[in-house]
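J.: Here you go, one structure.
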Amino acid sequence: MTTRLADPAPRVTAVEHTPFTPLAIATDRCKGCELCVTACPHHVLELDQAVVNALGYHPVRLVDPAGCTSCVLCARVCPDAVFTVFAPRKEARS
Ligand code: SF4
Ligand code: SF4
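Okay, so the sequence shown: first residue is 0 according to numbering that gives the first Met the number 0, each after it adds one.
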């Protein structure tokens, strides 16, 4: 009987190859009120005029992921819990 050795190559998870996205946006819950657009201190949110969601509104979109600092202000002002905000990876914070 032969014994198969484990693959000696280092394993790299898919997460390491995925570009970091600071926000998950539940666009079908957005009512287009623009509270988040006004609250964002880095002006990286806008309503997507090319899209109409299930509620009949233009939903918000993140126009510049690199400009988002995960400050969470958008999530705090949104009345419809549209945002989930992720903290930046440790290496990106320094
Ligand atoms: S987390 Fe902060 S910087 Fe990022 S989109 Fe929301 S308000 Fe703007
Ligand atoms: S605050 Fe919420 S409901 Fe209003 S535009 Fe932003 S994501 Fe949409």
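All C-beta atoms, glycine included, are put in the ideal place defined by N, C-alpha and C.
When every heavy atom of ligand 2 is checked, does at least one fall within less than 7 Å of the C-beta of E45?
T.: No; taking the cut-off as 7 Å, the Cβ of E45 has no heavy atom of ligand 2 nearer than that.
J.: Looking at the structure shown, is T83 part of a helix, part of a strand, or coil, going by DSSP?
T.: T83 falls in the strand class under three-state DSSP.
J.: Taking the alpha carbon of C70 as the point to measure from, which residue in C35, R28, K30 has its own alpha carbon closest?
T.: Among C35, R28, K30, the Cα nearest to that of C70 is on C35.
J.: Here's a check: name, in chain order, each residue in its chain whose Cβ is nearer than 8 Å to the Cβ of R88, leaving out the five neighbours to either side.
T.: Hits under 8 Å: F19.
J.: Which residue from T26, L72, C67 puts its Cα closest to that of N52?
T.: The shortest C-alpha separation from N52 is found at T26.
J.: For F85, which residues of its own chain have a beta-carbon under 6 Å away from its beta-carbon, when the five flanking residues on both sides are left out?
T.: Counting only Cβ-Cβ distances below 6 Å, and skipping sequence neighbours, we find P21.
J.: Locate the beta strand (DSSP E) running through A23, then write down its first and last residues.
T.: Counting along the chain, the beta strand (DSSP E) containing A23 begins and ends at 22-24.
J.: Among residues of its own chain, excluding the 5 on either side of T83, which ones have a beta-carbon nearer than 6 Å to its beta-carbon?
T.: Contacts found: A23.
J.: Since A38 and L72 are thought to touch, with beta carbons under 8 Å apart, how far apart are those beta carbons, to the nearest angstrom?
T.: Right, their Cβ atoms sit about 5 Å apart.
J.: Give the secondary structure of V36 by DSSP, where H, G and I count as helix, E and B as strand, and everything else as coil.
T.: Helix, per DSSP.
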